[in-house]
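A.B. asks:
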Amino acid sequence: MSSIIILIYLLIFATTAMVNSQTSIDAREFYNIVEQLCKASTPDIQLYDLHGLNLDTLGQSQNWSGRLVSFQESRVYWFSYSLDTVMLDSMTTVPFGPAVVDSNWINSDKSLRIAEQNGGAAYRFNNRHYRIEAYLGALPFPPFYTYWDIKYIDLDSISPPLEIRIDAITENIITAIEPNDPQAIFRKFALFGNFPNPFNPTTTISYKLLALYDVDLSIYNLLGKKVATLVSAKQPAGDYKVQWDASGFASGVYVCKLTIDHGYTQARKLVLLR
5 MSSIIILIYL LIFATTAMVN SQTSIDAREF YNIVEQLCKA STPDIQLYDL HGLNLDTLGQ
65 SQNWSGRLVS FQESRVYWFS YSLDTVMLDS MTTVPFGPAV VDSNWINSDK SLRIAEQNGG
125 AAYRFNNRHY RIEAYLGALP FPPFYTYWDI KYIDLDSISP PLEIRIDAIT ENIITAIEPN
185 DPQAIFRKFA LFGNFPNPFN PTTTISYKLL ALYDVDLSIY NLLGKKVATL VSAKQPAGDY
245 KVQWDASGFA SGVYVCKLTI DHGYTQARKL VLLR
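Here the sequence shown is numbered in this note's numbering, starting from 5 and rising by one per residue.
1. How is the beta strand (DSSP E) around ARG79 delimited, first residue to last?
2. Do SER251 and PRO202 come within 7 Å of each other at the CB atom, strictly closer than that value?
3. Where do the ends of the beta strand (DSSP E) carrying ASN67 lie?
4. Between the Cα of THR89 and those of SER78, ILE110, SER65 and ASN111, spot the shortest distance and give me the residue it belongs to.
5. When you compare only the Cα positions, how much space is there between TYR127 and VAL219?
6. Taking just the CA atoms, how far does VAL231 sit from ALA4?
7. Exposed or buried, what is GLY63 when buried is set at 16 or more other beta-carbons lying within 10 Å of its beta-carbon?
8. If you count every other CB in all the chains shown that lies within 10 Å of the CB of ASN108, and 16 or more means buried, which is it?
9. Go ahead and pull the three-state DSSP assignment for ILE223.
10. Buried or exposed: PHE196, going by 16 or more other Cβ atoms within 10 Å of its Cβ?
11. By Cβ distance below 7 Å, which residues in the same chain neighbour PRO47 in space, the five residues on each side in sequence not counted?
12. Which of the three DSSP states is assigned to ASN130 in this structure?
13. In whole angstroms, what separates the C-alpha of LEU262 from that of ASN122?
14. Which same chain residues, not among the five before or five after ASN131, have their C-beta less than 6 Å away from its C-beta?
15. DSSP three-state call for ARG169: helix, strand or coil?
16. Our contact map puts ILE168 next to GLY124 with C-beta atoms below 8 Å; I'd like the distance itself, whole angstroms only.
17. Taking its Cβ as the centre, do 16 or more other Cβ atoms sit within 10 Å of GLY267, making it buried, or is it exposed?
Here it is as structure tokens:
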């Protein structure tokens with residue numbers, strides 16, 4: 005165990021030299037550096053998970069963290085990448101039966117492209133101040149898959165976060181995680197926002213349903229008052245586009261809310277600019 009610590013600190017300067025000042029790297033680059041630090045003295049090292057903060061749309065970040073597990077040593081190694089340096093942060097005992105990531109996982113650049121095509125680009129368009137986070141992990145129970153969770157966060161706290169789970173091997177979108185997951189319902193519908201935005205006086209709102217739901221699509225002002233109901237009906241699975249004509253409304257910011265089954269809601273900002 006001590007040998008790996010010595011090796012890591014000997015290679016810190018070499019690691020720093022591998023990247024330029026304030027360099028953004030993708031997940032695979034981060035993992036390759038960490039794997040190089042570990043493999044010489046811990047051959048059985050395997051990836052446990054990765055987490056990236058403030059990703060760009062190329063899947064790169066200046067802040068990565070991750071855990072690698074050695075069953076031979078019964079230890080988990082915590083690494084981080086910040087200020088162009090990869091560091092060993094800590095070591096802990098291996099938890100019982102950890103699920104390791106399949107070695108054939110797709111890189112963060114491809115996972116971001118998939119997320120962008122499945123609502124991420126629309127979310128960024130409708131939320132100018134946002135942050136993208138990414139998590140790579142493995143489900144430790146059936147159906148046992150390796151996945152990327154891509155999360156878009158509105159820094160203005162008007163729109164709820166958009167989370168997209170992607171199978172990191174097949175590249176398919178995962179719409180349900182496990183039967184008892186209370187968040188699974190949110191992966192069965194999506195409010196993509198409106199185009200154009202800002203608009204005057206009409207805009208088209210797009211959303212997707214993956215099952216039959218009672219649907220309410222309404223417009224609210226910033227005081228929380230409902231000012232228009234666009235849809236109030238039971239709708240089957242499919243892609244929908246609804247036009248809102250705001251000719252009789254004053255310029256300003258409005259909130260579009262999509263509610264299914266009288267309880268689960270997603271919202272997006274709309275800007276009417278005359």
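Ideal placement from N, C-alpha and C gives every residue a C-beta, glycine not left out.
C.D. replies: Answer, in terms of the structure:
1. Translated into the one-based positions of the sequence shown, residue 79 becomes position 75. Taken as a continuous stretch (DSSP letters only), the beta strand (DSSP E) holding ARG79 covers 79-86.
2. The count along the sequence shown starts at 1 and reaches residue 202 at position 198. The count along the sequence shown starts at 1 and reaches residue 251 at position 247. Judged by their CB atoms, PRO202 and SER251 are not nearer to each other than the 7 Å cut-off.
3. On the sequence shown, residue 67 is found 63 positions in, with the first residue counted as 1. 67-74 is the extent of the beta strand (DSSP E) around ASN67.
4. Your numbering for residue 89 matches position 85 in the sequence shown. Residue nearest to THR89 within the set SER78, ILE110, SER65 and ASN111 is SER65 (criterion: CA-CA distance).
5. Numbered from its first residue, the sequence shown carries residue 127 at position 123. Numbered from its first residue, the sequence shown carries residue 219 at position 215. Cα-Cα distance, rounded: 20 Å.
6. Any answer about residue 4 is impossible in this case: the structure gives the chain only from 5 up to 278.
7. By one-based count along the sequence shown, residue 63 stands at place 59. Flag for GLY63 reads buried.
8. Along the sequence shown, one-based indexing puts residue 108 at 104. By the 10 Å Cβ count, ASN108 comes out exposed.
9. For the purposes of this step, residue 223 is taken as residue 219 along the sequence shown, with counting starting at 1. Reduced to three states, the DSSP call for ILE223 is strand.
10. Counting from one through the sequence shown, the residue named residue 196 turns up at place 192. The residue in question, PHE196, is buried, as its Cβ has 16 or more Cβ neighbours within 10 Å.
11. Your numbering for residue 47 matches position 43 in the sequence shown. Within the same chain, PRO47 has no close Cβ partners at all.
12. Within the sequence shown, residue 130 is the residue found at index 126, counting from 1. Assignment of ASN130 by DSSP, reduced to helix, strand and coil, places it in the helix class.
13. Counting from 1 along the sequence shown, the entry for residue 262 is found at position 258. Counting from 1 along the sequence shown, the entry for residue 122 is found at position 118. In a straight line, the C-alpha of LEU262 is about 17 Å away from that of ASN122.
14. Position 127 of the sequence shown, counted from the first residue, corresponds to residue 131. Taken in chain order, the residues that qualify are ASP158 and SER163.
15. Your numbering for residue 169 matches position 165 in the sequence shown. The three-state secondary structure of ARG169, taken from DSSP, is strand.
16. The count along the sequence shown starts at 1 and reaches residue 168 at position 164. The count along the sequence shown starts at 1 and reaches residue 124 at position 120. Confirmed, Cβ separation roughly 7 Å.
17. Taking the sequence shown and counting its residues from 1, the one referred to as residue 267 is at position 263. That one is exposed.
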